[in-house]
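S.K.: Structure provided below as structure tokens; questions to follow.
In this note's numbering, the protein residues as written are 206 to 501.
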């Protein structure tokens, strides 16, 4: 029943033919797993997709919605990125806590209270009731106006939350003492930024991640590969919006930006594979080299 849906999806998303092959072999069984879990669950099923930048987690989320919807499941799909604090809120945080918090990305730069509120709304959404979810425009580095928010009609069978550190545990205190790149060494010499982010991850973010019934990980081969994939993402952003949009970065700006994500990305690559319920190992060509199921 999925053949035409997957073919159309690959064409509409301008994906390579290899994605069609991987979708049939690996993602169709994943759809079956989610569908069975949703049917067995007494409440709305919460699914997390973890993947570093450029791994294809957003694309996977879209595909899951397409295939699950064909089976008459009502699915909410969104990114933790959509819950970034507004630019104004991050600037205030930068003044009160640390200048690096003006840059979106790390724990502490999201409105987790809003996320938890929306989790609860989706869980209790009745027939014909509407839930509005925020959207974030990376091209302007700010939250969209409410008129552009995603509108979902209840009831909802499954919620998919994707993000680059979704499901990540906090780091041990000893692991955040030393800087791991030039950004941390020069702009966070005392470690207060990374300690703040780790505290937030250990606190409110874990409360959100505890809601997840199923955690899926798209594991990149290395952080070096993640950097290359993120560069490709930036090129796509340039094609979507005006080249002078405030959120569009040149090569030097992007290199600095990626360093904000390095610590937690490396942490996820090391610790999440054994925590994820379903692990997809990716190769350098975005192909799935292996899949592993864990009974957590």
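We treat Cβ as the ideally placed atom computed from N, Cα and C, and that holds for glycine.
Only counting runs of 4 or more residues, tell me where the alpha helix (DSSP H) segments fall wholly within the stretch 259-311, in order along the chain.
M.R.: With a minimum length of 4 residues, the continuous alpha helix (DSSP H) runs that stay inside the stretch 259-311 are 262-275 and 292-301.
S.K.: Indicate whether the contact test is met: 3 or more Cβ pairs, each with one atom in the stretch 428-436 and one in the stretch 251-258, closer than 8 angstroms.
M.R.: A contact exists between the stretch 428-436 and the stretch 251-258.
S.K.: Does DSSP put residue 494 in a helix, in a strand, or in coil?
M.R.: By 1-based counting over the chain shown, the position of residue 494 is 289. Correct three-state label for residue 494: strand.
S.K.: Ends of the alpha helix (DSSP H) at residue 403?
M.R.: Residue numbering aside, residue 403 sits at position 198 when the chain shown is read from its first letter. Counting along the chain, the alpha helix (DSSP H) containing residue 403 begins and ends at 397-405.
S.K.: Between residue 410 and residue 302, how many whole angstroms is the CB-CB distance? I'm expecting something under 8 angstroms.
M.R.: Walking along the chain shown from the start, residue 410 turns up at place 205. Walking along the chain shown from the start, residue 302 turns up at place 97. Not a contact, Cβ separation roughly 16 angstroms.
S.K.: On the criterion of 16 or more Cβ atoms from any shown chain inside 10 Å, does residue 248 qualify as buried, or is it exposed?
M.R.: Counting from 1 along the chain shown, the entry for residue 248 is found at position 43. By the 10 Å Cβ count, residue 248 comes out exposed.
S.K.: Helix, strand or coil for residue 361 per DSSP?
M.R.: Translated into positions along the chain shown, residue 361 becomes position 156. Note: residue 361 maps to coil in three-state DSSP.
S.K.: For residue 321, which of helix, strand or coil comes out of DSSP?
M.R.: Taking the chain shown and counting its residues from 1, the one referred to as residue 321 is at position 116. It is helical.
S.K.: So what does DSSP say about residue 429, is it helix, strand or coil?
M.R.: By 1-based counting over the chain shown, the position of residue 429 is 224. Three-state DSSP puts residue 429 in a helix.
S.K.: Under 8 angstroms by Cβ, that's how I've got residue 372 and residue 253 pegged, so tell me the actual separation to the nearest angstrom.
M.R.: Translated into positions along the chain shown, residue 372 becomes position 167. Translated into positions along the chain shown, residue 253 becomes position 48. The pair is a contact, with the Cβ atoms about 5 angstroms apart (cut-off 8 angstroms).
S.K.: As a quick exercise: from 472, 475, 358 and 420, pick the residue whose alpha carbon is nearest that of residue 262.
M.R.: As a first step, residue 262 is located in the chain shown; it is residue number 57 there, counting from the start. The option with the nearest alpha carbon to residue 262 is 420.
S.K.: Between which two residues does the alpha helix (DSSP H) harbouring residue 217 extend?
M.R.: Looking up residue 217 in the chain shown gives position 12. 208-217 is the extent of the alpha helix (DSSP H) around residue 217.
S.K.: Return the chain-ordered list of same chain residues with a C-beta closer than 6 angstroms to the C-beta of residue 312, the five sequence neighbours on each side being excluded.
M.R.: Your numbering for residue 312 matches position 107 in the chain shown. Taken in chain order, the residues that qualify are 402, 405, 406 and 410.
S.K.: Does the stretch 281-291 come close enough to the stretch 454-472 to have 3 or more Cβ pairs within less than 8 angstroms?
M.R.: Counting Cβ pairs under 8 angstroms, fewer than three are found: no touch.
S.K.: For residue 428, tell me which candidate among 473, 453, 387 and 461 has the shortest Cα-Cα distance.
M.R.: Here residue 428 refers to the residue found at position 223 of the chain shown. Here the closest residue by C-alpha is 473.
S.K.: What residues in its chain sit with their C-beta under 7 angstroms from that of residue 381, if we drop five residues either side in the sequence?
M.R.: As a working mapping, residue 381 is identified with position 176 in the chain shown. 396, 399, 400 and 403, listed in sequence order.
S.K.: Whole-angstrom Cβ separation of residue 337 and residue 354, contact assumed at under 8 angstroms?
M.R.: As a position in the chain shown, residue 337 is number 132, starting the count at 1. As a position in the chain shown, residue 354 is number 149, starting the count at 1. Between residue 354 and residue 337 the Cβ distance is about 5 angstroms, and since that is below 8 angstroms, they are a contact.
S.K.: In terms of residues, what are the limits of the alpha helix (DSSP H) holding residue 235?
M.R.: Against the chain shown, residue 235 aligns to sequence position 30. Taken as a continuous stretch (DSSP letters only), the alpha helix (DSSP H) holding residue 235 covers 233-245.
S.K.: In terms of residue numbering, what span does the beta strand (DSSP E) encompassing residue 337 cover?
M.R.: For the purposes of this step, residue 337 is identified with residue 132 of the chain shown, where counting begins at 1. Its beta strand (DSSP E) spans residues 335-338.
S.K.: Is the beta carbon of residue 468 less than 7 angstroms from the beta carbon of residue 385?
M.R.: Along the chain shown, one-based indexing puts residue 468 at 263. Along the chain shown, one-based indexing puts residue 385 at 180. Yes, Cβ-Cβ distance for residue 468 and residue 385 is below 7 angstroms.
S.K.: Counting pairs of beta carbons, one from the stretch 322-336 and one from the stretch 350-364, are three or more of them closer than 8 angstroms?
M.R.: At 8 angstroms Cβ cutoff, the stretches touch.
S.K.: What separation, rounded to the nearest whole angstrom, lies between the Cα atoms of residue 476 and residue 383?
M.R.: Taking the first residue of the chain shown as 1, we reach residue 476 at position 271. Taking the first residue of the chain shown as 1, we reach residue 383 at position 178. About 19 angstroms.
S.K.: Any idea if residue 282 is buried or exposed, counting beta-carbon neighbours within 10 angstroms, 16 or more meaning buried?
M.R.: Reading the chain shown from its first residue, position 77 is the one you call residue 282. Buried, because 16 or more other Cβ atoms sit within 10 Å of the Cβ of residue 282.
S.K.: Mapping the DSSP letters down to three states, classify residue 315 as helix, strand or coil.
M.R.: Numbered from its first residue, the chain shown carries residue 315 at position 110. If DSSP states are grouped into helix, strand and coil, residue 315 belongs with the strands.
S.K.: With DSSP as the reference, label residue 441 as helix, strand or coil.
M.R.: On the chain shown, residue 441 is found 236 positions in, with the first residue counted as 1. DSSP places residue 441 in helix when its eight states are reduced to three.
S.K.: Kindly identify the DSSP beta-bridge partner or partners of residue 356.
M.R.: Indexing the chain shown from 1 puts residue 356 at position 151. Its beta-bridge partners are 337.
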